[in-house]
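Each remark here refers to the structure printed beneath this line.
Chains as they are written, first to last, in my numbering: chain A, 1 to 314; chain B, 315 to 628.
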């Protein structure tokens, strides 16, 4: 059986023909006419889906279903995109619109980060785990939670905003206006601020030199730390500890089989993943009586969105 | 249809005949022979269930099912009580044992706090909510999480230990050995420590006087605060803020319809519940776009365990 996964982005829409094992057989993209009407955008998506299905040599009627991942606030159960900052969706009943346009009954929608988490869990780094928490360490911190093989999105899909769980009451200011959110400590942005502060305080450090040479981004501290710089090591260790504290919080609520770490910072690989695994093992409640929780880096990259969207419909 | 709810405690086992609406039609108790063998304890429970069913004038074969709530670590899916500090259970397959002893097929087990949360959600303060988080503010802090009408217990039922989510990295020491846990700020024990510290620092306060008269417990600060004492108000406000920070964390993950507050501290009623509701409204992520989250005090009292255990089997 074949499925279509649609990954809507601010610049382009990607659609892929996906088999039951999560393999993308072929994919195609179209420009997102972000300022066109919602109906026009959906018509573009429908046309793209048709194109992909035809290129695959099958008929729409043979599809097992279509899954759609969209940025913004999505009401999964209602099949509605409530709003999206960069695309002209507002209370857009995308499931009904797309289903009608294509004559396909099984159409599902969720937030794009949730789709990526589902894709990684079922077919990527999670390798079929039933319970996972995917944490995306990027400009912000996104979370996607899978419980018993299904996405947990909260009442009216308003939950799963794990980046805004408070891990340090009264702590650093977060972009959301509150203090002490996980995101204010675990995002790439937070790591960059910490790096910048350390550079200022320790102009003599190798970290400062690396920062001067290549600028400050999410990699700077990791690069200098690998070369043994103490200042950089402190920045990296603090950062990992805070990420770990967030993971432990999720562990104590969900006790997932696996944490999947995505986003730019996840490219640091073992330098990030191994100490995180150790931290979770040491600090998760009841870890001494329970099976260990694995921590792995995401593996599907940009395809996670398409595969996960398709998985929504499986 | 009738169900049996069994609530195992360290001192006594309670069993109730419960209808589909969560009403307890009759109940009975037996002494828990905590140091007898697990088989003997289960035999006692079976005898108690038989007694209750017979007193109800029905036959075991007419039961819709039996639910059991037990203290300790329970593997819900396997139907096994892994261990319990105060009762002689160790990897006790209670579902199989009790089912065989009584010839009843539908037997379920969960942790007692989870059962209480399910009972309150379906038939108590939650009044049929589909998504709830029950937070019990007692000696420790327990959590019970209901998602889509079902208990969320995590992989191998090792989760839902929300008392040990870290809300203040590097903060107060918790009984579990870690720092900054929700429990270290929101338990009655934490409130008592805060009260004691405030009394020491402000011997001139009304709080100190109240403490002298009646000793320090979870009520002391609330009593003095109601009489307008500034020191007591600060203690209470700080306490409520920390409870609120924990709730906001759960809100951002689950966005439940309702928070149900149980445990001794919940008896403070509006003095606790109203400011918590306000705090959650102000601080939950996306609360301005989403339906408000209710905060209510638990209403079923000691019956929550029986009713919730019965609800497990519904």
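Just so you know, even glycine gets a beta-carbon here, dropped at the ideal spot from N, CA and C.
Inter-residue spacing [alpha-carbon to alpha-carbon] between residue i and residue j
{"i": "residue 254 of chain A", "j": "residue 472 of chain B", "result": "8 Å"}
{"i": "residue 197 of chain A", "j": "residue 226 of chain A", "result": "19 Å"}
{"i": "residue 228 of chain A", "j": "residue 280 of chain A", "result": "24 Å"}
{"i": "residue 36 of chain A", "j": "residue 573 of chain B", "result": "41 Å"}
{"i": "residue 142 of chain A", "j": "residue 115 of chain A", "result": "12 Å"}
{"i": "residue 591 of chain B", "j": "residue 487 of chain B", "result": "27 Å"}
{"i": "residue 249 of chain A", "j": "residue 333 of chain B", "result": "37 Å"}
{"i": "residue 550 of chain B", "j": "residue 177 of chain A", "result": "25 Å"}
{"i": "residue 576 of chain B", "j": "residue 220 of chain A", "result": "48 Å"}
{"i": "residue 161 of chain A", "j": "residue 470 of chain B", "result": "24 Å"}
{"i": "residue 255 of chain B", "j": "residue 386 of chain B", "result": "This structure gives no information on residue 255 of chain B, because the portion of chain B shown stretches from 315 to 628."}
{"i": "residue 537 of chain B", "j": "residue 465 of chain B", "result": "35 Å"}
{"i": "residue 520 of chain B", "j": "residue 546 of chain B", "result": "8 Å"}
{"i": "residue 287 of chain A", "j": "residue 406 of chain B", "result": "20 Å"}
{"i": "residue 346 of chain B", "j": "residue 82 of chain A", "result": "54 Å"}
{"i": "residue 400 of chain B", "j": "residue 138 of chain A", "result": "46 Å"}
{"i": "residue 409 of chain B", "j": "residue 394 of chain B", "result": "7 Å"}
{"i": "residue 444 of chain B", "j": "residue 201 of chain A", "result": "51 Å"}
{"i": "residue 140 of chain A", "j": "residue 238 of chain A", "result": "18 Å"}
{"i": "residue 1 of chain A", "j": "residue 314 of chain A", "result": "9 Å"}
{"i": "residue 527 of chain B", "j": "residue 369 of chain B", "result": "48 Å"}
Sheet register partners of residue i (DSSP bridge)
{"i": "residue 37 of chain A", "result": "Paired residue(s): none; residue 37 of chain A is not in a bridge."}
{"i": "residue 404 of chain B", "result": "B/397"}
{"i": "residue 575 of chain B", "result": "B/449, B/611"}
{"i": "residue 244 of chain A", "result": "In the DSSP output, where bridge partners are listed per residue, residue 244 of chain A has none listed."}
{"i": "residue 501 of chain B", "result": "In DSSP, residue 501 of chain B forms no bridge with anything."}
{"i": "residue 326 of chain B", "result": "B/345"}
{"i": "residue 173 of chain A", "result": "A/179"}
{"i": "residue 4 of chain A", "result": "A/17, A/66"}
{"i": "residue 75 of chain A", "result": "A/80"}
{"i": "residue 150 of chain A", "result": "A/147"}
{"i": "residue 595 of chain B", "result": "For residue 595 of chain B, which the question treats as bridged, DSSP gives no partner whatsoever."}
{"i": "residue 107 of chain A", "result": "A/66"}
{"i": "residue 141 of chain A", "result": "A/137"}
{"i": "residue 26 of chain A", "result": "A/17"}
{"i": "residue 168 of chain A", "result": "B/482"}
Status (buried if at least 16 other CB within 10 Å, exposed otherwise) for residue i
{"i": "residue 603 of chain B", "result": "exposed"}
{"i": "residue 462 of chain B", "result": "exposed"}
{"i": "residue 74 of chain A", "result": "buried"}
{"i": "residue 291 of chain A", "result": "exposed"}
{"i": "residue 11 of chain A", "result": "exposed"}
{"i": "residue 434 of chain B", "result": "buried"}
{"i": "residue 283 of chain A", "result": "buried"}
{"i": "residue 616 of chain B", "result": "exposed"}
{"i": "residue 391 of chain B", "result": "exposed"}
{"i": "residue 508 of chain B", "result": "buried"}
{"i": "residue 259 of chain B", "result": "The question about residue 259 of chain B has no answer, for chain B in this structure spans 315 to 628."}
{"i": "residue 517 of chain B", "result": "exposed"}
{"i": "residue 656 of chain B", "result": "No answer is possible for residue 656 of chain B: it lies beyond the span of chain B, which begins at 315 and ends at 628."}
{"i": "residue 57 of chain A", "result": "exposed"}
{"i": "residue 257 of chain A", "result": "buried"}
{"i": "residue 625 of chain B", "result": "buried"}
{"i": "residue 274 of chain A", "result": "exposed"}
{"i": "residue 328 of chain B", "result": "buried"}
{"i": "residue 309 of chain A", "result": "buried"}
Proximal residues to residue i (C-beta, below 6 Å), its chain only, five neighbours per side dropped
{"i": "residue 323 of chain B", "result": "none"}
{"i": "residue 437 of chain B", "result": "336, 621"}
{"i": "residue 305 of chain A", "result": "7, 69, 112, 115, 116"}
{"i": "residue 16 of chain A", "result": "5, 24, 27, 306"}
{"i": "residue 252 of chain A", "result": "285"}
{"i": "residue 211 of chain A", "result": "199, 220"}
{"i": "residue 404 of chain B", "result": "397"}
{"i": "residue 344 of chain B", "result": "327, 358, 362"}
Residues of its chain near residue i, where Cβ-Cβ distance is below 7 Å and the 5 sequence neighbours each way are ignored
{"i": "residue 532 of chain B", "result": "502, 505, 506, 578, 579"}
{"i": "residue 99 of chain A", "result": "105, 107"}
{"i": "residue 360 of chain B", "result": "412, 415, 416"}
Other residues of its chain near residue i: CB distance less than 8 Å, five sequence neighbours each side excluded
{"i": "residue 402 of chain B", "result": "348, 349, 350, 351, 352, 355"}
{"i": "residue 59 of chain A", "result": "53"}
{"i": "residue 50 of chain A", "result": "60, 102"}
{"i": "residue 530 of chain B", "result": "506, 509, 510, 513"}
The segment 577–589 of chain B / the segment 608–615 of chain B touching (three or more Cβ pairs under 8 Å): The segment 608–615 of chain B and the segment 577–589 of chain B touch, with three or more beta-carbon pairs separated by less than 8 Å.
Stretch pair the segment 54–67 of chain A + the segment 3–17 of chain A: three plus CB contacts closer than 8 Å: yes
Given 8 Å, three or more beta-carbon pairs between the segment 552–570 of chain B and the segment 491–504 of chain B: yes
Inter-stretch contact at 8 Å, needing at least 3 Cβ pairs: the segment 478–487 of chain B / the segment 159–169 of chain A: yes
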